[in-house]
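*Asks:* When you line the sequence shown up against UniProt numbering, it's residues 1 to 1130, in that order.
Yeah, the Cβ is synthetic: ideal placement off N, Cα and C, and Gly gets one too.
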Amino acid sequence: MGWDGKKRKDLPKSSADQPTVNEALSPLVQSTYTSSSLHFYLSGMKITLTSVDPEVTLLDFIRSQQKLKGTKLGCGEGRYGACTVVVQDAQDGGRIEHLAVNACLVPVLSVEGKHVITVEALGTAANPHLLQERIAKLHGSQCGFCTPGLVMSLYALLRNSEEMVELGGALDGNLCLSTGYRPILDAAKSFVREDLGSVMFEGKKSKVEGELGGNYISRTKGSGTGSCGRPGGCCRDTPAAATKPSAHESSSGETESSGETSITETEDVPLSGATYGPPLKTCGRDDCCQLPSGGNKAATEVDVIGGKYSFPQFNFNSYELHTGIIYPPALRKYTKQPIFYGNEKKVWFRPTTIEQLVGLKHAEAKAEVKFKHEKYGVSVYVGDGLKGFSINEEKGEVIIGRNTSLTVLEKACLEGYTKLGKRWFVLEAVRKQLRCFADGQIWNTTTPAGNIVTASPISDPNPVLIASGTVLTAQSKTCGEFPLPMKEFFVAYRTTALPADAIITRLTIPLPVESTREVIKSYKQAKRKDDIAIVTARFMVVLDKSSVVMDISLAYGRSRMAPKTVEANTMEALLGKQWFDNTVLEGAMAAIEKDSPLGFTVPSGMPTYRKTLAFSFLFRFWHEVTAELELETQVQQVDHEVVEEIHHGISYGSRGNDNPYEQRVVGKQIPHLPSLKQTTGEAEYINDMPNIDSQLFGALILSKKAHAKLVKVDFTPALQVPDVIGIKGEPFFAKDFVHSHGQLISIVYAEPAAIAEAAAQLVDVQYEELPPILTISEAIAVKSFFPHGKMLIRGKPTAEAFKDCDFVYEGEYFYLETNAAASGTQNIMETQEFVSQVTGIPSSRVVMKVGRMGGGFGGKESRSVQLACILAVAAKKVGRLIRCGLNRDEDMMTSGQRNPFQTHWKIGVSKDRMLQVLDADVYNNAGYFQDLSGAAMDCVLTYVDSCYRIPHVHLRGHACKTNTHSNTAFRECIMMAIADHLKMSVDQFRLKNLYKEGQLTPFLQPLEGWHVQQIITQLHAECDYDARVQQVEEFNRTHKWKKRGISLIPTKFGLSFATAVHLNQTGALMHIYNDDSVLLAHGGTEMGQGLYTKLCQIAAQELNCPLDTIFTSGASDTVASASLEKTCIS
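1. Taking all protein chains shown into account, decide if C228 is buried (16 or more other Cβ within 10 angstroms of its Cβ) or exposed.
2. Taking all protein chains shown into account, decide if E112 is buried (16 or more other Cβ within 10 angstroms of its Cβ) or exposed.
3. Put H79 into one of helix, strand or coil per three-state DSSP.
4. Give me the Cα-Cα distance between L99 and N160, rounded to the nearest whole angstrom.
5. Could you check which residue in A683, P607, S547 has the C-alpha nearest to that of E632?
6. Just verifying my parser: in three-state terms, what is the DSSP assignment at V116?
7. Would you check if the stretch 692-708 and the stretch 737-751 touch, i.e. whether three or more CB-CB distances between them fall below 8 Å?
8. Between N569, S459, T50, L918, which has its C-alpha nearest G811's C-alpha?
9. Going straight from the alpha carbon of P797 to that of H958, what length do you get?
10. Sorted by chain position, which residues of the same chain lie with C-beta nearer than 8 Å to E368's C-beta, five sequence neighbours on each side aside?
11. Expressed to the nearest angstrom, what Euclidean distance is found between the alpha-carbon atoms of G440 and T407?
12. I need the straight-line Cα distance from P183 to Q902, nearest angstrom please.
13. Taking only runs that begin and end inside the stretch 873-946, name each unbroken alpha helix (DSSP H) of 4 or more residues, in chain order.
14. Apart from the five residues on each side of it in sequence, which residues of its chain come closer than 7 Å, Cβ to Cβ, to T243?
15. Using three-state DSSP, classify Q663 as helix, strand or coil.
16. Can you tell me whether L1069 is buried or exposed? The criterion is at least 16 other CB atoms within 10 Å of its CB, across all chains shown.
17. Which residue from R402, Y327, T445 puts its Cα closest to that of F40?
18. Under 7 Å Cβ to Cβ from L154, same chain only, skipping five residues before and after it: list those, please.
19. As a quick exercise: from L271, Y33, N127, pick the residue whose alpha carbon is nearest that of E1102.
20. By DSSP, does H965 sit in helix, in strand, or in coil?
21. Assign Y319 to one of two classes, buried (16 or more other C-beta atoms within 10 Å of its C-beta) or exposed (fewer than that).
22. CA-CA distance, A683 and T71?
23. In the stretch 457-510, which residue ranges form an unbroken alpha helix (DSSP H) of at least 4 residues, counting only runs that do not cross its ends?
24. Counting pairs of beta carbons, one from the stretch 924-940 and one from the stretch 766-780, are three or more of them closer than 8 Å?
25. Among all the DSSP beta bridges, which residues are the ones paired with E518?
26. CB-CB under 7 Å to R517, same chain, minus the five flanking residues each way: which ones, in chain order?
27. Assuming contact is defined by CB atoms lying nearer than 8 Å, are R332 and A90 in contact in what I supplied?
28. Going by beta-carbon coordinates alone, are A533 and K521 separated by less than 8 Å?
29. Give the single residue among F437, Y276, H672 whose Cα lies nearest to the Cα of Y1092.
30. Roughly how many angstroms separate the alpha carbons of V1012 and F989, rounded to a whole number?
31. With distance defined between alpha-carbon atoms, name the residue in V711, P772, D723 nearest to A754.
32. From which residue to which residue does the beta strand (DSSP E) around K709 run?
33. With a CB to CB cut of under 6 Å and the five nearest residues on each side skipped, what residues in its chain are close to W443?
34. Could you work out which residue in A573, Y556, C436 is closest to D531 when comparing CA atoms only?
35. For H981, which residues of its own chain have a beta-carbon under 8 Å away from its beta-carbon, when the five flanking residues on both sides are left out?
36. Taking just the CA atoms, how far does I466 sit from V638?
In structure tokens form, the structure reads like this:
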């Protein structure tokens, strides 16, 4: 099949004072790059593209196909994983490799001569692949937006599982904010343990296996029969005889009342497999002449769990390793050839030899580092060729080809270190660093040479390569091959010693001779394992026979915040000194203090923490070297707890399947009804909906300043772009001033989305910057508050009540939880009302329909209203539908996050350790307009008491007005602080101050059905809490460097609106058709919480019909739903 794109045109032009790109590259194009067509396979279908837009990614092409919307755009940066596809490629020797890659990051050119597999190719909801089926039926899908990417990552894992597979790492590149991963891992484990005949590492682990942390699963020979041990039962377990419920458990013959009507439940009504009556115009006979041949009844089916109090049992077919999608035989005959394509703005080259690449670099010697929104006229794809990893023991070196993927490099380092031992410490140091770098999808497409030439000071691999004495081999047309030592490679920020016309061809890591006492270690600390480092360090030391330092290299990255990766001067304090001499260590620590002059204004902050990490890494290295080279003496020994690695195994957990309140339908563990559509990519989200004729696409123009006067906003450059229809300002747009970075200034709408986005970048906005207010403390200092003014008062005035207290304590508390959102809305009614206001159209004529959402988490409760109103106003102006999908950056700038809070509190306690008085000022950062910050403040004030009775309370809420984005929808630290002051157990203090049945909250709500104290008592007994507390205390007493913790914290949170009780209402409308099918309409929104499934269960229970009789098509304004939260928890 072909694909219509922009026609190939001339090469991009250069400035007049330089040779044009045409002049430099045209001879190469004419002599070498004679092909401009791309040939590859997509899910088994041969694709030939003769004209390709050079700006599009593989994801853009896949989603341009009408039936391939399962691959999602999550972030555009390779962090979310919803865009994951599998690329099949034949390696040397004929082995087929299956690589999970981020389709949002790679150009279409990258799959030339390869086979791309999308989630749709695996199966359909009617006939799913076994992986899709198991994830769906084991509750591995909730909102479902990320699910296709998860499926494809696991599919790549299964197809590559010939020798060893890593289950935990396979999902490192996939984020799921809903499920918690346990059910996804359960589905994956059911394959790996059973169908692939594999077992987890058990028993005593070797050092390498210990490093793997239980994440690896080794293939074992055998028939692969037996139970996989999946919670709830395995598909190959022998089904036990069904146990019938006892007489008092049976629902047969019982009548359940619901309102004014009652329906009798009978065991004869099945849960699944409904059949429907004939059309009205038939005579009622099964063989009616009006019926089509083959039967008269439609039928549906849904997976349910049979039997009361039973465990889930699903009839999975077993997965056979060699029944996957085949590699197209025609690709085995594929021959690589140089490719060139593009248009007047951008061109792509794909050389096939090193000489062709060197020739391109000589002709067009420019920077190759890619940044967001930067335009590059000439791009070269170098992902093929010059791969490989070799170890030469005789020469004592490791050679890494420039295009060796990090995936291959990590495996090769593991095999080499396992085989050759301590002489090859450098391989383990490199591998350990890679383990903390990015994820599988990135590994599969990233190369060490590519990482090096970016010259990033926060690079993870670079310091270890510097410390190991790695030498780069470069090549250019003028100089041929020449060496570049890594220690001399980085000369300034993002600047290297690599000549402009040269490329890196390989890396050579020298290895010590066999008798050398050399140790190399690498360290990294980050907020997450694969996140940007807070501190990186790579250390190497060589000792003589008397343990004197002969050579040393201490390479630091992020901790110094230097413009490049550097070596520390601390080396001078250690060179020629005795290792494992405490006075030498103290001197080295003092040198590090001078080596790391980090002030409090250092970029990225945390100067004290980062300096502490720099000390800690050297301290650990000091002990690791001593342990590795066995330098301990009877007088001075290594504390092995210092050098022990902390490894995280595969996440595990279990769920209780016994529900004593289970009814015929309600309460049963029924998989999410659309889960099979989600795992197969058939579930349709807003951006998956087909385009409508004459529709336009919107792109936002956002402020780039936190607080500024708008001096000029010139739309002329954008309006001159072909296909731009117009630009809309007011209402909802900034006027005269901007009050936050990311505040909306205007919207551009055009026919193609790409044109609208490009035009938005051309709008010329000029600012006069003003002093911003960014933090709560800054807002308090200048009294910048919204007029909130709500207080909560109970009991005596707190000033008077404090006089009766025996102990009074004061303090501050800080709280921060970030949030994210995508598209759609959680709040139909508010969106409808605001659209009505801004367009002047009555609410009755504003039709609201919401399908499924890819998560919500509160971010779509109010912030989506702004975008809906903007598009409605623009659509009314031009009389055409306008669609707008925010990218991840725009979404994060405009949707805000959970409010940061700061609380100044004062609390009084009596001598019998009872809470008496709480006086507090509570502040939140509301941003530049209030949004839901007032509601969030009200929520905090009403729940600040948690589970503890405080007779006298005075709480004051303040919503701080700052120049940050608006923010949308604490207690236990106070209890811990007071217990610490009183020198008593915090558990006893909590238990002593718990509410009792019938007592009033600070806002005078009586607590009815209060069982918290009973729950705590039962938990204490069931988990043997006191004994475990003693074990933790004993562990902490006997361990200096590692500590454990345990806590049991009660909490209360209302399941409805505590003060705005008029919002605690909702409704649903059922249409019962002549064929006995039921259509359920309601105002609730589905964002992964399973609302639609629960509502269908309730309807099936009340109507005493099969569950699959009930159908709900989505949320709409047909039925009023005043309470979003009430609907969500129904």
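*Replies:* Checking against the coordinates, here is how it stands:
1. For C228, the predicted model reports a pLDDT of 34, less than 50, meaning its position is unreliable; a value from the coordinates is still stated below. C228 comes out buried.
2. buried
3. Residue 79 is actually Arg in this sequence, not His. Correct three-state label for R79: coil.
4. 9 Å
5. S547
6. strand
7. yes
8. L918
9. 20 Å
10. Because E368 sits at a pLDDT of 45, beneath the cut-off of 50, its placement in the model cannot be relied upon, and the following sentence gives the value as read from the coordinates. These residues qualify, in order along the chain: V380, V453.
11. 7 Å
12. 37 Å
13. 888-895, 933-943
14. Annotation note: pLDDT 36 at T243 (below 50); position unreliable, coordinate value reported separately. Correct list: empty, nothing qualifies.
15. coil
16. exposed
17. Y327
18. L131, A170, A188
19. L271
20. coil
21. Confidence in Y319 is poor, its pLDDT being 45 and thus under 50, which makes the residue's placement too unreliable to answer from.
22. 11 Å
23. 461-467
24. yes
25. V542
26. V542, L543, L629
27. yes
28. no
29. H672
30. 15 Å
31. D723
32. 708-714
33. L406, T407
34. C436
35. F807, Y809
36. 28 Å
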